[in-house]
Amino acid sequence: MVEKEQVSVVEIEKTFEPVIGYKSIKNEMIKICDIMRNSEFYSKLGVSVPNGLLLSGEPGLGKTLMANCFIKASGRTAFVCRKDKPDGDFVNHIKSTFDEAVKNAPSIVFLDDMDKFANGDEYHKNSEEFVTVQSCIDDSKNKEVFVLATINDEDAIPISLLRAGRFDNRIEVNSPKGEDAEKIVEHYIKKKNFVSDVDVKTITKLLNGASCAELETVINQAGVYAGFNRKEKIEMDDIVRACLRIIHNAPEREQAHSPEVLKAVAYHEAGHAVIAEVLEPGSVNFVSVRSHGGSTGGFTNYYQPEEYWIKEQYMENRVTVILGGKAATETVFGETDVGANKDLHRAFDIVERFVDDYCSNGFDRWLQGREYSNGAVERRDMQMAIEMENFYKKAKKILIDNREFLDKLATALINKDVLTSVEIEAIKATCKMVA
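Read left to right, the sequence shown gives residues 4 to 438 (my numbering).
In structure tokens form, the structure reads like this:
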């Protein structure tokens, strides 16, 4: 057995420096590594090394990087298991990986992308691969084998495999937000040559909700655009172009819309943007009439604060903004907006939560877990329709009161297919705004 070498917590922390941000997650991992490296302090308290650690989250968030830092910080030999063999051979590979780990204990078995080990869905949770992993974990207990795993989808894994005793520590890794996102963006732009008027906060706001991998890819793609145009520095318009291409799948194309359709799309998107800027000034990152992700219409990108899900006002504002496209089209052209179907679904979903889940209009609308009487359903549907009518009327009033801003924004979109927050602000400054 290899004698454990004591190391300071500071040394363990340094091992995690390649992971930018995610301070709370790193702190949890550092504590586990400290138990491994300095066990005598814990054994006096009757504390043993946890059985395992599971990192779960969407792809591109740096889970494998975190795991590799963890392995290095632990000071243990790691035996890595990834799905790179046919099913039958892979089951044997899982067994042999654990056997080697037991022989070389204290050690770590690293199960990278464990949810990919089998056809993991609700119908295949008891596949041979997962049964084998579970059996091997149980067989290696009390043999100084720590099991480290990363997964993208917890729903693909049997619940029995995820329980404490097999994975004592489970950490959910989410897309970086706030200060974490700013640190990651700052890390990537340090490697590039940017103009002085592009700051970290602006880029972070533009890429709100993006994964670490997406942040890196967008910033690099911005450099591609700048280089192709023989610029000496990367500018904000390069970042916007890259964001449209990578995040929203809206590459630059020849305008496929007829003048009439382009005008309708421009007013629809301008409607969203105007209402957003009236209700929450500075919230629009950019607005575009480009087709994206298979859709023939344009889109408006907003910055959504973390308080969105806990404040009623933000959610009400969002319903009004969503209905702004339909309201603009019908105000300007006097005809039904037949391209607002997705908007209506999104708006109704939010209003439905208000009525059903939050009881914002009275407890008598609460239907969950009860018999759906015709009267209750009718009252609930009527209440939702009334709420939607009120939000729609509010949207139309804002657009009528700010018609100058609406017209100028739509005209600018017809002439230029993307408007950034800076350009929107400049147009707004020329208009008389009515809150």
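All residues carry an ideal CB built from backbone N, CA and C; glycine is no exception. Computed from a predicted model, the values in this text were never measured in an experiment.
- Close CB contacts of residue 53 within its chain, under the 8 Å cut and outside five residues either way in sequence, are with 35, 38, 149, 171 and 172 (chain order).
- The straight-line gap separating the alpha-carbon atoms of residue 268 and residue 342 is approximately 9 Å.
- Counted as a single uninterrupted DSSP element, the beta strand (DSSP E) harbouring residue 111 occupies residues 110-114.
- Within the stretch 382-426, the beta strand (DSSP E) runs of at least 3 residues that lie entirely inside it are, in chain order, 421-423.
- In the DSSP assignment, the residues bridged to residue 56 are 151 and 172.
- Here residue 84 is bridged, per DSSP, to 114.
- Per DSSP, residue 30 is one residue of the alpha helix (DSSP H) stretching across 26-40.
- Between residue 324 and residue 278, the C-beta spacing is below 8 Å.
- At the C-beta level, residue 239 and residue 203 stay beyond 8 Å of one another.
- Residue 98 has its alpha-carbon roughly 49 Å from the corresponding atom of residue 305.
- The beta carbons of residue 219 and residue 249 sit no closer together than 8 Å.
- Taking all protein chains shown into account, residue 44 has fewer than 16 neighbouring C-beta atoms within 10 Å of its C-beta and is therefore exposed.
- Setting aside the 5 residues that flank it on each side, residue 67 is surrounded in the same chain by 115 and 153, each with a C-beta closer than 7 Å to its C-beta; the list follows chain order.
- The DSSP assignment places complete beta strand (DSSP E) segments of no fewer than 3 residues inside the stretch 282-329 at 287-291 and 302-305, in order along the chain.
- By the neighbour-count criterion, in which a residue is buried when 16 or more other Cβ atoms sit within 10 angstroms of its Cβ, residue 362 is exposed.
- Residue 350 and residue 409 do not touch by the CB rule: their CB atoms are close to 19 Å apart, not below 8 Å.
- Going by DSSP, residue 225 is part of the alpha helix (DSSP H) stretching over 215-231.
- The residues 270, in chain order, have a CB closer than 6 Å to that of residue 335 in the same chain once the five nearest residues on each side in sequence are set aside.
- The beta carbon of residue 57 lies closer than 6 Å to those of 152, 170 and 173 in the same chain, with the five residues before and after it left out.
- 8 Å or more divides the Cβ of residue 211 from the Cβ of residue 237.
- Under DSSP, residue 237 shares a beta bridge with 197.
- Between residue 134 and residue 120, the C-beta spacing is not below 8 Å.
- For residue 208, the uninterrupted alpha helix (DSSP H) run begins and ends at 203-209, by DSSP.
- The residue from 167, 142, 175 and 146 with its alpha-carbon nearest to that of residue 157 is 175.
- Take residue 84, set aside five residues on each side of it, and the residues of its chain with a beta-carbon closer than 8 Å to its own are 96, 97, 100, 112, 113, 114 and 115, in chain order.
- Here DSSP, grouped into helix, strand and coil, assigns residue 48 to coil.
- Residue 356 carries a helical assignment under DSSP once its states are collapsed to helix, strand and coil.
- In the three-state scheme derived from DSSP, where H, G and I count as helix and E and B as strand, residue 18 is classed as helix.
- Annotation: residue 341 is outside any alpha helix (DSSP H) and is labelled neither H nor E by DSSP.
- Contact between residue 105 and residue 146 holds, with the beta-carbon distance rounding to 5 Å and staying under 8 Å.
- Under the criterion of beta carbons closer than 8 Å, residue 326 and residue 293 do not qualify as touching, at roughly 22 Å.
- If you look at residue 192, you'll find it in the alpha helix (DSSP H) that goes 181-192.
- Bounds of the alpha helix (DSSP H) holding residue 69 are 66-77.
- Here residue 214 is near residue 178, since their CB atoms are less than 8 Å apart.
- Straight across, the Cα-Cα distance linking residue 110 with residue 61 is about 27 Å.
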